[in-house]
Every structure is written in structure tokens, then in C-alpha cells.
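Note sheet for the following structure.
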Amino acid sequence: MKIHITTFRVRNLMLIAAGALLLNGCASLGVKPWQRDVLAREDMQLNAEPLTHAINDHMYFSKEASSGGRGFAGGGCGCN
């Protein structure tokens, strides 16, 4: 009986520890002021090559016959 209680306690402690780790992983930490210079570097931008991005945008909007958001599906035929 003592082994069963010890196993039960260990299992509960493991579940509590796992729950605490999961909740801690959801913490939202903002960017500190001294970190912004590192994140603002040109090579950290999502659009590191603006010319390539502009050419791709031009081809995309030429196919879709529109300009604006990219969040909609469609093959360019106009039959959404």
C-alpha cells in the first residue's frame, strides 16, 4: 500500500510540474528597449531583399489582377 501512495504522489508532482511548465511557456514577454536595436537590423527584417520582394509582389498582383492583401485563396482565374 505504501508503494501505491508513493507512486501516486510522484505522479501528482510530475503532473503539477508539467502543468507549471506549460503555463510558464505561455508567458508573454515583450521586447526590451535594449534589444530593439538588434531586432531592427536590416538582416533581421522579414523582407531582407526589397528588390526581390517588389518583383514577387508585381508578379503576384499581375496574376491576381488586384493589389492589396494576400490572405485570400484563388488561382488568378477570378472564380473564388
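Residue numbers for the sequence shown follow this note's numbering, so the first one is 1046 and each next one is one higher. Beta carbons are placed, not taken as given, at the ideal position from N, Cα and C, and that holds for glycine.
The continuous stretches of alpha helix (DSSP H) do not include ASP1088, and DSSP gives it neither H nor E. Sequence-distant Cβ neighbours of LEU1074 in its own chain, meaning closer than 7 Å and more than five residues away, do not exist here. Per DSSP, reduced to three states, the secondary structure at LEU1074 is coil, with no helix or strand assignment.
Looking at ALA1085, CYS1071, GLY1070, the one whose alpha-carbon comes closest to that of LYS1077 is ALA1085. A straight-line Cα-Cα distance of about 18 Å links ARG1056 and LEU1068.
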